[in-house]
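*Asks:*
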Amino acid sequence: MAGAPVRIEDPSDPRIAGFVSIRERDLTGRDGLFIAEGTVVLRMLGSAQAKANGFGCDAILLLENRLSGLSGVLAAFGNEVPVYVASAAVFDAVAGFNMHRGVLALGRKPASQTGAGLLGRVPETSLVLAGCGLSNHDNVGSIFRNAAAFGADAVFLDETSCDPLYRKAIRVSVGSVLSVPFSRGLGAQAMLEGLASAGFEIWGLSPRGAVSVAAIPAARRIALVLGTEGEGLPQSILSRFHTARIPQRPGLDSLNVATASGIALYQIALAMGRVD
């Protein structure tokens, strides 16, 4: 179990400095650290740390009335992880706004991984997602949740996509960002060419796709490519790889990218025999 709880009386206590002004530091960065928020995400962080997949936890901060119900979750963390508890007034002063969940952890990011590094870890038969220019944290969180739900083996993000370990993205993903392997940092074209060289059939999702997602044939390795909300995938990608669309009634230009990813992932996972 994590260390014995230590009560915090002063919001400026240096031991909990990493939790101060969460919203502002979401924007300025945390030098290799991230905030995990809520019981479910805390449980996922404990599981990720136990699997020794690169994630760690530096500290846990709890609202005092949440402690008794979290003994099972805290058991996943070693004794070296300090647990701090605080009253609602102190907790809110530390975070900078009212935190109704009352559960925060200061996580440590794994070493950054390039697309090539992650490619060496995916199974021979794989379904992966590739994101190009995904700039909305809610969408990225939902995409990771869909990836976990439909058994995607990894998520590859280009250098212009947002950080999936941003607090809001982790929360929306219900902690799936901590369980689905991902890489981020290559240019979109280099990322996709790397996937193609590794034997992946590349399918770009677009309202202008050549075939319905239901017509994507099963293959040993498939990569579903998602573009940014609004603009979608650039023509340079659409003209280079296979394309698929989600048929819909007229009147709307397209579905939200997170919703579209769920529909397309289901269809592809079904074709590959990953879901019943």
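Reading the sequence shown from the start, the letters are residues 1 to 276 in full-length UniProt numbering. Every residue gets a Cβ at the ideal spot worked out from N, C-alpha and C, and that includes glycine.
How would you call P181, buried or exposed, if buried means at least 16 neighbouring beta carbons within 10 angstroms?
*Replies:* Counting from one through the sequence shown, the residue named residue 181 turns up at place 181. It is buried - the Cβ of P181 has at least 16 other Cβ atoms within 10 Å.
*Asks:* According to the neighbour-count rule (16 or more other Cβ atoms, all chains shown, within 10 Å of its Cβ), is S206 buried or exposed?
*Replies:* For this step, residue 206 is matched to residue 206 along the sequence shown. So S206 counts as buried.
*Asks:* Here's the rule I'm using: 16 or more other beta-carbon atoms within 10 Å means buried, otherwise exposed. How should P82 be labelled?
*Replies:* Walking along the sequence shown from the start, residue 82 turns up at place 82. With 16 or more other Cβ atoms within 10 Å, it is buried.
*Asks:* Tell me where the alpha helix (DSSP H) around F91 begins and ends.
*Replies:* Here residue 91 corresponds to residue number 91 of the sequence shown, with the count starting at 1. From DSSP, the alpha helix (DSSP H) with F91 extends over 88 to 95.
*Asks:* Given a threshold of 16 other Cβ atoms within 10 Å of its Cβ, counted over all protein chains shown, does Q49 qualify as buried or as exposed?
*Replies:* For this step, residue 49 is matched to residue 49 along the sequence shown. Answer is buried; the Cβ neighbour count reaches 16.
*Asks:* Using a 10 Å radius around the Cβ and a threshold of 16 neighbouring Cβ atoms, would you call L226 buried or exposed?
*Replies:* Against the sequence shown, residue 226 aligns to sequence position 226. Flag for L226 reads buried.
*Asks:* For Y84, which residues does DSSP report across the bridge?
*Replies:* As a working note, residue 84 is residue 84 in the sequence shown. Paired residue(s): V6, L61.
*Asks:* Would you kindly work out how many angstroms separate the C-alpha atoms of G46 and R15, rounded to a whole number?
*Replies:* Numbered from 1 along the sequence shown, position 46 holds the residue referred to as residue 46. Numbered from 1 along the sequence shown, position 15 holds the residue referred to as residue 15. So the alpha carbons of these two residues sit roughly 21 Å apart.
*Asks:* CB R43 to CB V103, shorter than 7 Å?
*Replies:* Numbered from 1 along the sequence shown, position 43 holds the residue referred to as residue 43. Numbered from 1 along the sequence shown, position 103 holds the residue referred to as residue 103. No, these two residues do not count as a Cβ contact at 7 Å.
*Asks:* Contact defined as beta carbons within less than 8 Å: I believe R221 pairs with S126. What is the distance between those atoms, to the nearest angstrom?
*Replies:* Numbered from its first residue, the sequence shown carries residue 221 at position 221. Numbered from its first residue, the sequence shown carries residue 126 at position 126. That pair is a contact at about 5 Å.
*Asks:* Just how far apart, CA to CA, sit F19 and R245?
*Replies:* Looking up residue 19 in the sequence shown gives position 19. Looking up residue 245 in the sequence shown gives position 245. For F19 and R245, the distance between alpha carbons rounds to 43 Å.
*Asks:* Going by alpha carbons, who is nearest to R145 out of I170, S161, E159?
*Replies:* Within the sequence shown, the letter at position 145 stands for residue 145. It is I170.
*Asks:* Please name the residue in E159, G96, A105, R184 whose C-alpha comes closest to that of P11.
*Replies:* Translated into the one-based positions of the sequence shown, residue 11 becomes position 11. Minimum Cα distance to P11 is reached at G96.
*Asks:* I'd like to know whether the C-beta atoms of P164 and V174 end up nearer to each other than 7 Å.
*Replies:* The residue you call residue 164 lines up with position 164 of the sequence shown. The residue you call residue 174 lines up with position 174 of the sequence shown. No; because the gap between Cβ atoms is not below 7 Å, this pair is not in contact.
*Asks:* If you draw a straight line from the alpha carbon of V41 to that of I263, how long is it in whole angstroms?
*Replies:* The residue labelled residue 41 in the question sits at position 41 within the sequence shown. The residue labelled residue 263 in the question sits at position 263 within the sequence shown. If you take the alpha carbons of V41 and I263, they lie about 25 Å apart.
*Asks:* Following the continuous alpha helix (DSSP H) through F144, name the residue where it begins and the one where it ends.
*Replies:* Indexing the sequence shown from 1 puts residue 144 at position 144. First-last of the alpha helix (DSSP H) with F144: 137 to 149.
*Asks:* Can you tell me whether DSSP reads G46 as helix, strand or coil?
*Replies:* Here residue 46 refers to the residue found at position 46 of the sequence shown. Residue state, collapsed to three classes: helix.
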